[in-house]
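Inspection log for the structure reproduced underneath, given as structure tokens.
Given below as structure tokens:
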């Protein structure tokens with residue numbers, strides 16, 4: 001397994017290598033396999049780069065060996081590698097429960113345009129969780145499906161939150177700056193992605209997203225800015 005990116009481990013330390021090893025151990029097959037990663041997703045960005053690589057290896061090998069594993073078995077195998085891996089194997093918008101492994105399909109997401117900022121400071125997921133306040137919280141039930149089916153985009157955006165933001169911001173204060181920059185550009189909502197440190201802003205149409213992208217891209221510094229949209 002190889003990857004030319006200096007911050008990405010190669011060989012046994014890489015999640016993609018572990019995925020291939022897990023597949024062969026599960027199926028009993030033996031074959032020489034070469035995995036080459038062309039890294040574009042920033043490291044430590046909270047965008048699921050490592051998890052999606054692992055999912056791609058599992059699904060790719062399963063296809064090459066004529067699908068010896070069912071989708072459910074493949075996702076259970078992925079779960080051993082990481083909580084996010086089953087979602088990338090699932091391959092469609094979903095509502096997740098448990099630690100992320102209990103997935104149910106979801107349709108009808110608002111078609112937001114997104115501007116994504118990677119502020120240039122990798123954040124360790126383990127360190128974020130160490131700083132997370134796990135004290136008992138109020139018994140407040142949230143109807144996730146109701147939120148996602150909100151008729152008005154602004155109402156949908158207003159209800160979104162990420163509980164990992166406060167501890168991540170302690171490790172990387174630039175996350176807060178990126179959120180504010182997106183809101184200043186007219187985003188309906190700005191949130192951190194995953195455990196950080198990337199931040200995304202939701203925009204109601206492509207024109208507003210493009211204007212925000214142009215404005216933020218002109219900033220000097222360590223920020224990387226991307227324009228994209230939801231996969232619905």
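In full-length UniProt numbering, the protein residues as written are 1 to 232. Note that CB positions come from ideal geometry on N, CA and C, so glycine has one too.
Pairwise C-alpha distance: residue j and residue i
i	j	result
residue 116	residue 28	41 angstroms
residue 37	residue 20	13 angstroms
residue 86	residue 75	5 angstroms
residue 231	residue 100	19 angstroms
residue 95	residue 104	5 angstroms
residue 84	residue 26	20 angstroms
residue 67	residue 49	24 angstroms
residue 92	residue 107	9 angstroms
residue 54	residue 223	27 angstroms
residue 12	residue 98	28 angstroms
residue 175	residue 73	37 angstroms
Any non-hydrogen atom of the ligand GDP closer than 7 angstroms to residue i Cβ
i	result
residue 203	Questions concerning the ligand GDP fall outside what the structure shown contains, since it holds no ligand whatsoever.
Cutoff 8 angstroms; reference residue i; Cβ partners in own chain excluding five residues on either side
i	result
residue 177	119
Cut-off 6 angstroms between Cβ atoms - residues of its own chain near residue i, not counting five sequence neighbours on either side
i	result
residue 217	225
residue 8	39
residue 212	115 and 185
CA nearest to the CA of residue i, picked from the options
i	options	result
residue 162	196, 34, 173 and 82	196
residue 199	173, 205 and 214	173
residue 133	127, 57, 64 and 167	167
residue 128	31, 169 and 77	169
residue 46	122, 219 and 201	122
residue 131	103, 108 and 171	171
residue 229	63, 208, 114 and 179	114
residue 201	112, 165 and 11	112
residue 210	223, 186 and 192	186
residue 126	222, 69 and 194	194
residue 70	5, 51 and 90	90
Local Cβ density within 10 Å of residue i, reported as buried at 16 or more and exposed below that
i	result
residue 189	buried
residue 239	One cannot answer for residue 239 here, as it falls past the ends of the chain, which runs 1 to 232.
residue 164	buried
residue 110	buried
residue 58	buried
residue 82	buried
residue 30	exposed
residue 64	exposed
CB-CB length for residue i against residue j, believed under 8 angstroms
i	j	result
residue 35	residue 17	7 angstroms
residue 61	residue 23	5 angstroms
residue 182	residue 160	Incorrect: roughly 13 angstroms between the Cβ atoms, too far for contact.
Residue i at chain B interface by Cβ criterion, 8 angstroms
i	result
residue 2	Protein chain content of the structure displayed is limited to a single chain, and chain B is not contained in it.
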